[in-house]
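Report on one structure; see the data block that follows.
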Amino acid sequence: MEKITLFLEQNLVPLLKPALNWFHLWIDQLPPPVWRFSICAYLVLGTIWAVFLSKDYVLLGSPDQARWRDLRLWIPVLLVPYLLIYLFI
Amino acid sequence: MEVAESILTPIDTIIIVAYLGAVLVLGYLFSRYVKSSGDFILGGKSLPFWAIGMSVVVSDIGAIDMVSGAGAAYKYGLAQANFDWLGSVPAMVIVAFVFVPFYWRSGVCTLPEFLGRRYGPAVRFFQAVIWLGFLLSMLAVMLWTSAVFLNTVLGMPSQAAIWLTVFVVGIYTILGGLAAVVVTDAMQMVIMFIGAGALLGLSFWEIGGWSNMVQTISAMGPQFEQHFNLLISSQIDTPYPWSGMLMGLGIVLSTAYFSSNQAVIQRVLGARSEWDAKASMILAAFLKLLIPVLVLLPGLAALALYPELENPDEAVPKLVRELLPPGLAGLVFAAFFAALMSSVDSYLNSATTIIISDGYKPATRALSGKDPDDRHCLFLSRALTGLLIVAAGFIAPFIDQFETIYTAMQTLFSLFQGPTLAVLVLGVFWRRANAWGGFAGLLLGVLCSGSLSLVGESLFPSDDPFLYVAFWAFVFSLIVTVVVSLLTPPPSKNQIRGLVYGEVIRDETTQTLLKERIQSD
Chain C
7 MEKITLFLEQ NLVPLLKPAL NWFHLWIDQL PPPVWRFSIC AYLVLGTIWA VFLSKDYVLL
67 GSPDQARWRD LRLWIPVLLV PYLLIYLFI
Chain L
530 MEVAESILTP IDTIIIVAYL GAVLVLGYLF SRYVKSSGDF ILGGKSLPFW AIGMSVVVSD
590 IGAIDMVSGA GAAYKYGLAQ ANFDWLGSVP AMVIVAFVFV PFYWRSGVCT LPEFLGRRYG
650 PAVRFFQAVI WLGFLLSMLA VMLWTSAVFL NTVLGMPSQA AIWLTVFVVG IYTILGGLAA
710 VVVTDAMQMV IMFIGAGALL GLSFWEIGGW SNMVQTISAM GPQFEQHFNL LISSQIDTPY
770 PWSGMLMGLG IVLSTAYFSS NQAVIQRVLG ARSEWDAKAS MILAAFLKLL IPVLVLLPGL
830 AALALYPELE NPDEAVPKLV RELLPPGLAG LVFAAFFAAL MSSVDSYLNS ATTIIISDGY
890 KPATRALSGK DPDDRHCLFL SRALTGLLIV AAGFIAPFID QFETIYTAMQ TLFSLFQGPT
950 LAVLVLGVFW RRANAWGGFA GLLLGVLCSG SLSLVGESLF PSDDPFLYVA FWAFVFSLIV
1010 TVVVSLLTPP PSKNQIRGLV YGEVIRDETT QTLLKERIQS D
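Chains C and L, in that order, give the protein sequences.
Just so it is clear: in the first sequence, position 12 is 18 by this note's numbering, and no numbers are missing.
Just so it is clear: in the second sequence, position 340 is 869 by this note's numbering, and no numbers are missing.
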């Protein structure tokens, strides 16, 4: 295993380091408010699309059409506590 | 192993025995409904969303997590909570509305089965072997870790602890299959939440509330100043830098976990309707909000109360020994058993399913040219479940000697997550992805993960760069799968019929064909 690691240190690291370094250096210098904004933006963008799904798609297989069974309505309710956590902790 | 003195009073013992008895009775009651291998593996597709949602959460949080999660919070602080918060949303929403309907309609039982249909038997075999190895090694490790915990805190001999767990979990899982597992999981989640909540309440009572805890820990020195930050700079020595959390955990590991973990897939496929399957994931995402509060905060409370602990994993056992009055100790131990059994039963049931669905059934078809008899499959599923849990019971006491195998298995599994997600996403959403692309993406992706893990400290701003490794291996696998697929012939329409998102979700002809195939299965 040591030989493999040494081989990779000598051949892979010089190849990848310049490419990965600029990216990680750029990310590292971002201020904390940008971290929060990035995480919150990811949470919102990753979930909000679900609100725009068609009702038929979301309710397929549902035993009735009761309002609470529309899972799209629960997405904002789910998102709020997560956003509060990442905005204020 | 040295046997510690028990802290349980007779009332604690009565609570624990009553709880274990209730679990066994539930398993027996569910055995009446198991008439076929489908009933055993998928609970007869009759499970309601609330039971599945609770089961998904409680399978994810095992007894090991209750101990080591609190230990990690003791050592690294609140950043550990990201694994349940950022690790749940948006991954669970994406899985609920994209992957769950896809798996549900395409009629597969396991991820290796889907990848096998999409990319060929080599990928199926590769995936089945790694999942099986992971599940079985985890079974033995869970039994052993629990034995150590029960021995340290309760004074129960480790062999007795192992065989008690093997007996109780084995009986209800063999009798009731997935339905018994999910329903007992739901009950176990309630017990676990009550027990963990009691421990948390007593810890905070002892310490004088949240503000006192923050003040005490902050006053301990500069090394604890990040303990109440969720997001930590990568310039600080931590395994959980914020950028790694976002890229590695949020985008790759959490999505891979919920979209490809057999324990999760099997539960949602056991739902009584597609809506229940989707709703179960949304409910689980709500419940996951509470996990860091119940599991991690006791670790922080232990840091404030007992800052001198050499091993952070002793945080919860120390709280249990020092704080719990008679009666409550029994409840917390019932919670611990609940967490333990809910994980062991899930891994056991999933391992059996992979052996039957990805080993026995395809092998029988290949050898005899016809499907195996269903009664035979049910008998084999039950026999395998018993065999696996007993084997895990025998291996568990020796797990210390096989630590390298366990570590290798865990490392190998973590190396698979990024590449598996890459070939899964391309297989589902890109018609042009073919067998060569999928195989190359998976194989080279795992090699990339392994290489990056070996030299990660030189490449990434962290001493333990598993989050960055997962992200870049995912990106690499995506690129390899796309390039190799484009350089080799595309799959024919027949090869991908009923296996890509557009067809499975929107094409009515394909949906009719899939329904007929599922009914005939």
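Beta carbons are placed, not taken as given, at the ideal position from N, Cα and C, and that holds for glycine.
All values reported here derive from a predicted model rather than from experimental measurement.
Three-state class that DSSP yields for residue i in the structure shown
i	result
L/A601	helix
L/L576	strand
L/A785	helix
L/P770	strand
L/A625	helix
L/I736	helix
L/I761	strand
C/A56	helix
C/A72	coil
L/A800	strand
L/T881	helix
C/N17	helix
L/S588	helix
Range of the contiguous alpha helix (DSSP H) that encloses residue i
i	result
C/K61	K61 to L65
L/G970	A964 to L988
L/K899	Premise fails: L/K899 is in no alpha helix (DSSP H) and is neither H nor E.
L/V1004	F995 to L1016
C/M7	Segment: none, C/M7 is in no alpha helix (DSSP H) and carries neither H nor E.
L/A831	L826 to L834
C/L85	W80 to F94
L/Y889	First-last for L/Y889: undefined, no H or E at that position.
L/L615	Element bounds for L/L615: n/a, residue is neither H nor E.
L/K564	Looking at the DSSP string, L/K564 is not in any alpha helix (DSSP H), and its letter there is neither H nor E.
L/S910	D903 to I924
L/L640	L640 to Y648
C-beta neighbour in chain C for residue i, strict 8 Å
i	result
L/A867	no
L/Q764	yes
L/I811	yes
L/K807	yes
L/E803	yes
L/S980	yes
L/A601	no
L/G573	no
L/L818	yes
Euclidean distance between Cα positions of residue i and residue j
i	j	result
L/G985	L/S943	14 Å
C/C46	C/A56	16 Å
L/L877	L/A690	18 Å
L/G726	L/L823	6 Å
L/A657	L/P539	46 Å
L/C906	L/L916	15 Å
L/M718	L/F815	14 Å
L/A813	C/D76	16 Å
L/F569	L/G662	22 Å
L/L731	L/T745	17 Å
C/R73	C/F43	32 Å
C/Y48	L/R904	48 Å
L/R647	C/P24	36 Å
L/A708	L/A792	13 Å
L/A676	L/V712	25 Å
L/S910	L/T881	6 Å
L/G974	L/A858	47 Å
Chain L contact for residue i (CB, 8 Å cutoff)
i	result
C/L90	no
C/D70	no
C/W28	no
C/L93	no
C/R73	no
Interface partners of residue i on chain C, CB under 7 Å
i	result
L/I623	G52
L/G636	Within 7 Å Cβ-Cβ: nothing; L/G636 doesn't reach chain C, min ~15 Å.
L/A1053	With chain L covering 530 to 1050 only, the question about residue 1053 of chain L has no answer from this structure.
L/S772	I33
L/F626	A56 and L59
Within chain C, the residues that residue i reaches when beta carbons sit closer than 9 Å
i	result
L/G738	None at all; the shortest Cβ gap to chain C is about 17 Å.
L/L988	L18, V19, L22, K23, L26, N27 and H30
L/V618	L49, G52, T53, L84, L85 and Y88
L/V984	T11, L14, E15, L18, V19 and L22
L/F815	W80, V83, L84 and P87
Residues that residue i contacts on chain L, provided the C-beta gap is smaller than 7 Å
i	result
C/D76	The premise fails here: C/D76 is roughly 10 Å from chain L at the closest Cβ pair, so nothing lies under 7 Å.
Amino acids of chain C, ordered along the chain, whose beta-carbon sits closer than 8 Å to that of residue i
i	result
L/W614	Y88, I91 and Y92
L/L607	I95
Chain L contact residues for residue i, given Cβ-Cβ distances below 8 Å
i	result
C/P38	L760 and S762
C/L65	W804
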